[in-house]
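Below is one structure, written out as structure tokens; the observations come after it.
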Amino acid sequence: MSIIPSAAPNNTSPADRAAAHFAADFAEATIKSRREDGLYRHVEFAAPKTMSRLILVTWPFNLLVAGSHGSYHFERFGNDTEDMFAWLRGIRVDPDRWASKLVNGADSVREYDRSRMEDQIKERVADAVENDWAPEGLQGAVTEDILGSHLLDAKGTAFQLVSEYEFGAKHRAECSCGLSSKDVSYDDALMWDVYKHKADGKKHKIKVRQVAGFGFDDFSEWSVDKVSYHFAYQCHAASWAIAQYDAARAKVPTKPAMVEHGLSFGDGNVVMAGSDAEFDDRAVRAGAVRVTRTVSPWTEAAS
Ligand SMILES: [Zn+2]
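Okay, here's the thing in structure tokens:
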């Protein structure tokens, strides 16, 4: 039985990098069931060559994924999730969506992503240009003033930078008498009353308003976070591990009475050992690069 994780697609998104990283870590791995009691499971995977460990623990409506890349506790109450393996079995790995089922909340695995912030900025500038309301020179100015700034490295300073940014603003002074200034700078609009309009203040009420210019807004709609690399890694790990568990489980005779200690089943890669404390690496020593082992308590059912 092959337990090589499927190869990651050839692109470089963080989630794909995590998938490829996991695949490399667990190219040679063993599976060990430490506890098997209905929906109460404790399954461990070990990849000694890369010193990687992965542990899945389930109890009704709960799944704990632990090991070398961190510990994540999922809880999901649904008609079909009493067995949490059933929830993830066979579905596409989707760390963004799965994060919403974390007991600690999705925000516990989200982190600021500068490249997403840049995408949001570019998107809004492009939108202004496309819809013909971008002041002349906007794209060049944003590239120079914002996209090249180290202030985008951190979420707080990034939002401060974009929220205070203004380009090509024009203002107009409008008087209650019906006269108004040209579209000018804010300062010139303020001074219009004194230098151009020269009205008697008692009869004329003047307001200055912005009539053109570009600024960023609607920040609550800006999506600038991504799930952490380690969480994405563990999502790929969990998906793979459940498939391996199912495959190994399928090789164990369903009738406990038929199980005999020390027997090999199928293609010989599933090794039933007498004790879960044993570590049988004979297949590794024999040069087989893929080893799957199942040990007690599946075998304990026989005793
Ligand atoms: Zn007036």
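Per the numbering used here, numbering through the sequence shown is continuous, rising by one, with the last residue being 1333. Positions of the beta carbon are idealized from the N, C-alpha and C atoms, including for glycine.
Return helix, strand or coil for D1046, following the three-state DSSP convention. D1046 falls in the helix class under three-state DSSP.
Give a yes or no on contact between the stretch 1168-1177 and the stretch 1121-1128, applying the rule of three or more CB pairs nearer than 8 Å. no
Would you mind working out which of F1115, D1110, V1133 sits nearest F1104, comparing C-alpha positions? V1133
Beta-carbon proximity of V1159 to A1268, cut-off 7 Å: no
Pick out every residue whose C-beta is nearer than 6 Å to a heavy atom of ligand 1: which are they, in chain order? C1205, C1207, L1209, H1227, A1229, H1234
Any idea if M1288 is buried or exposed, counting beta-carbon neighbours within 10 angstroms, 16 or more meaning buried? With a pLDDT of 34 at M1288, under the threshold of 50, the modelled position of this residue cannot be trusted; read the value that follows with caution. M1288 comes out exposed.
Around the C-beta of S1179, are 16 or more other C-beta atoms found within 10 angstroms, so that it is buried, or is it exposed? exposed
Taking only the alpha-carbon atoms, compute the straight-line gap between Q1264 and L1069 and give it to the nearest angstrom. 21 Å
H1260 vs H1051 beta-carbon contact at 7 Å: no
Can you give, in chain order, each stretch of the beta strand (DSSP E) that sits fully within the stretch 1052-1098 and has at least 3 residues? 1060-1067, 1070-1077, 1082-1089, 1092-1097
What do you reckon, are the CB atoms on R1119 and G1097 nearer than 7 Å? no
Beta-carbon gap between A1059 and A1077 smaller than 7 Å: yes
Start and end of the beta strand (DSSP E) containing D1341? Residue 1341 lies beyond the range of the chain shown here (1031 to 1333); nothing can be said about it.
Within 10 angstroms of its Cβ, does A1188 collect 16 or more other Cβ (buried), or is it exposed? buried
Under the three-state reduction of DSSP, which class applies to V1238: helix, strand or coil? strand
Within a Cβ cutoff of 8 Å, which residues of the same chain sit near D1213, ignoring the five residues on either side of it in sequence? K1200, H1201, R1202, V1241, A1242
Given D1248, which residues of its chain have a CB within under 7 Å of its CB, disregarding the five upstream and five downstream residues? none
Own chain, CB closer than 6 Å to Y1275, minus 5 neighbours either side, in chain order: Closer than 6 Å at Cβ, skipping near neighbours: V1073.
If I measure Cβ to Cβ from T1080 and keep anything under 6 Å in the same chain, skipping five residues before and after, which residues do I get? D1055
Output the distance between the C-alpha atoms of F1086 and E1153, rounded to the nearest integer angstrom. The residue asked about is misnamed: residue 1086 is Leu in this sequence, not Phe. Their backbone Cα atoms lie some 41 Å apart in a straight line.
Buried/exposed call for S1253, threshold 16 Cβ in 10 Å: exposed
Let's test the definition: count the other Cβ atoms within 10 Å of the Cβ of W1163 and tell me whether it reaches 16, buried, or not, exposed. exposed
Below 7 Å between beta carbons: does that hold for V1155 and V1257? no
Specify, as a first and last residue, the run of the beta strand (DSSP E) that A1203 falls within. 1196-1205
Once DSSP output is grouped into helix, strand and coil, what is the label at R1140? strand
From the DSSP output, in three-state form, read off E1153 for me. Residue state for E1153 is assigned as helix, using DSSP reduced to three classes.
Distance between V1238 and S974 (C-alpha atoms, nearest Å): This structure leaves residue 974 out entirely; the chain is present only between 1031 and 1333.
Rounded C-alpha distance that separates D1067 from N1109: 20 Å
So, for R1144: in the same chain, excluding its five sequence neighbours on each side, which residues have a beta-carbon less than 7 Å away from its beta-carbon? L1182, D1183
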